[in-house]
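In the working numbering, the protein residues as written are 9 to 103.
Here is the structure:
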């Protein structure tokens with residue numbers, strides 16, 4: 009819904025968000041399939057994707073392309089995914 013409303017001037021941010029959302033999904037699946045250090049690599053990539061999406065959204069908020077309410081809603085979801093991934097990584101260390 010947000011991506012549709014991004015002006016063409018900020019197309020690079022739209023592409024960045026789209027790419028990182030797709031990569032986020034891919035890395036979650038890859039981390040589920042693999043084990044050991046390979047899983048840990050993909051878990052770290054998940055955190056990178058989340059950080060990049062957060063960065064692009066922060067930039068779009070700064071130039072008033074998205075409103076604060078929508079921004080906060082998405083950031084809460086990203087934060088929840090980040091917490092789950094960090095918990096998953098901690099659980100892997102215990103094993």
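Each residue gets a CB set at the ideal place from its N, CA and C atoms; glycine is no exception.
Residue burial annotation: residue 28 is buried, with at least 16 other C-beta atoms found within 10 angstroms of its C-beta. For the pair residue 100 and residue 42, the Cα-to-Cα distance works out to about 12 angstroms. With fewer than 16 other Cβ atoms inside 10 Å of its own Cβ, residue 37 counts as exposed.
Assigned with DSSP and collapsed to three states, residue 71 falls in coil, not helix or strand.
Exclusion of the five residues before and after residue 31 leaves 57 as the residues of its chain whose Cβ lies within less than 6 angstroms of its Cβ.
In the structure shown, the three-state DSSP call for residue 54 is helix. In the structure shown, residue 78 adopts helical secondary structure according to DSSP, grouped into three states. Minimum Cα-Cα distance from residue 10 among the listed residues 39, 83 and 102 corresponds to 83. Annotated three-state conformation of residue 43 is coil, per DSSP.
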